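Peer 1: Just dropping this structure here.
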Amino acid sequence: MSALVYLGLGTNLGNREENVRRAVQLLGERVGQVGRLSSLYVTEPWGFRSDNLFVNAAVSVRTALSPRQLLEATQRIERDMGRTEKSAGGDYRDRVIDIDILLYGSLRVSEPGLVIPHPLMYERDFVTKPLNEILGGLPPAALTD
Numbered sequence: 002m003s004a005l006v007y008l009g010l011g012t013n014l015g016n017r018e019e020n021v022r023r024a025v026q027l028l029g030e031r032v033g034q035v036g037r038l039s040s041l042y043v044t045e046p047w048g049f050r051s052d053n054l055f056v057n058a059a060v061s062v063r064t065a066l067s068p069r070q071l072l073e074a075t076q077r078i079e080r081d082m083g084r085t086e087k088s089a090g091g092d093y094r095d096r097v098i099d100i101d102i103l104l105y106g107s108l109r110v111s112e113p114g115l116v117i118p119h120p121l122m123y124e125r126d127f128v129t130k131p132l133n134e135i136l137g138g139l140p141p142a143a144l145t146d
């Protein structure tokens, strides 16, 4: 069984376009078949001050991983790309790559450390714009596996 998942990507350190490209490559190798990739959006930092602008994107992936396995795989990719710590408690920092699980088919998950749909995605233009681009105008509620 597989699910169509939507992930948000963000980076504001190093070669940002290359970071997105590398993350998408690793998602294809470790998570599943990459589908659509949005345009790259240059955005201001959200939730903290930084001199470094972000590049954000959204990507769809067809995966056989469970939601928890997907979280573990995306966090491993972040670490392998050089991210040393995750943001916690609203304490945001510059990062080489951030991969957020936005949607997992029509599934809703609420577990410690894992909430799907992403609880803050509708508050963030840097998430909704690229996500809407690859959804083709479908509201997330219209998704089915």
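Whatever position you read off the sequence shown (first residue = 1), add 1 for my numbering.
We put the beta carbon where it would ideally sit given N, CA and C, even for glycine.
Note that the structure is predicted; figures quoted are calculated from it, not measured.
1) Going residue by residue through the stretch 55-140, where are the continuous alpha helix (DSSP H) segments of at least 4 residues, counting only ones entirely within it?
2) Round the Cβ separation of residue 55 and residue 85 to the nearest angstrom and send it over; I've been treating them as touching at under 8 Å.
3) From what residue to what residue does the beta strand (DSSP E) around residue 38 run?
4) Assign residue 29 to one of three DSSP states: helix, strand, or coil.
5) How would you write the range of the beta strand (DSSP E) that residue 8 sits in, first residue to last?
6) Considering only the alpha carbon of each residue, which of 8, 125, 136 and 114 lies closest to residue 59?
7) In its own chain, which residues sit with a C-beta less than 8 Å from the C-beta of residue 71, not counting the 5 before and 5 after it?
8) Go through its chain and collect everything with a Cβ distance to residue 115's Cβ below 8 Å, but skip five positions before and after it.
9) Would residue 97 and residue 20 qualify as a contact pair, given that the criterion is a beta-carbon distance under 7 Å?
10) Can you tell me which of 39, 79, 4 and 135 puts its alpha carbon nearest to the alpha carbon of residue 66?
11) Helix, strand or coil: how does DSSP classify residue 47 here?
12) When we look at the beta-carbon of residue 52 and count the other beta-carbons within 10 Å, is it buried (16 or more) or exposed?
13) Could you say which of 27, 137 and 10 lies nearest to residue 81 if we only look at CA atoms?
Peer 2: The structure says:
1) 68-81 and 126-136
2) Numbered from its first residue, the sequence shown carries residue 55 at position 54. Numbered from its first residue, the sequence shown carries residue 85 at position 84. So it is not a contact: roughly 18 Å between Cβ atoms.
3) As a working mapping, residue 38 is identified with position 37 in the sequence shown. 33-38 is the span of the beta strand (DSSP E), which, as asked, contains residue 38.
4) Sequence index remark: in the sequence shown, residue 29 carries index 28 (1-based). Of the three classes helix, strand and coil, the one that applies to residue 29 here is helix, per DSSP.
5) Here residue 8 refers to the residue found at position 7 of the sequence shown. First-last of the beta strand (DSSP E) with residue 8: 4-12.
6) Within the sequence shown, the letter at position 58 stands for residue 59. Measuring from the Cα of residue 59, the nearest candidate turns out to be 8.
7) Along the sequence shown, one-based indexing puts residue 71 at 70. Cβ within range, chain order: 6, 32, 64, 102 and 105.
8) Your numbering for residue 115 matches position 114 in the sequence shown. Cβ neighbours of residue 115 beyond the five flanking positions: 68, 69, 72 and 102.
9) Your numbering for residue 97 matches position 96 in the sequence shown. Your numbering for residue 20 matches position 19 in the sequence shown. Taking 7 Å as the Cβ cut-off, residue 97 and residue 20 qualify as a contacting pair.
10) To locate residue 66, count along the sequence shown from 1; it is residue 65. Residue 66 has its Cα closest to that of 4, out of 39, 79, 4 and 135.
11) As a working mapping, residue 47 is identified with position 46 in the sequence shown. Reduced to three states, the DSSP call for residue 47 is coil.
12) Taking the sequence shown and counting its residues from 1, one reaches residue 52 at position 51. The residue in question, residue 52, is exposed, as its Cβ has fewer than 16 Cβ neighbours within 10 Å.
13) As a first step, residue 81 must be located in the sequence shown, where it is residue number 80. Of the candidates 27, 137 and 10, the one whose C-alpha sits nearest the C-alpha of residue 81 is 27.
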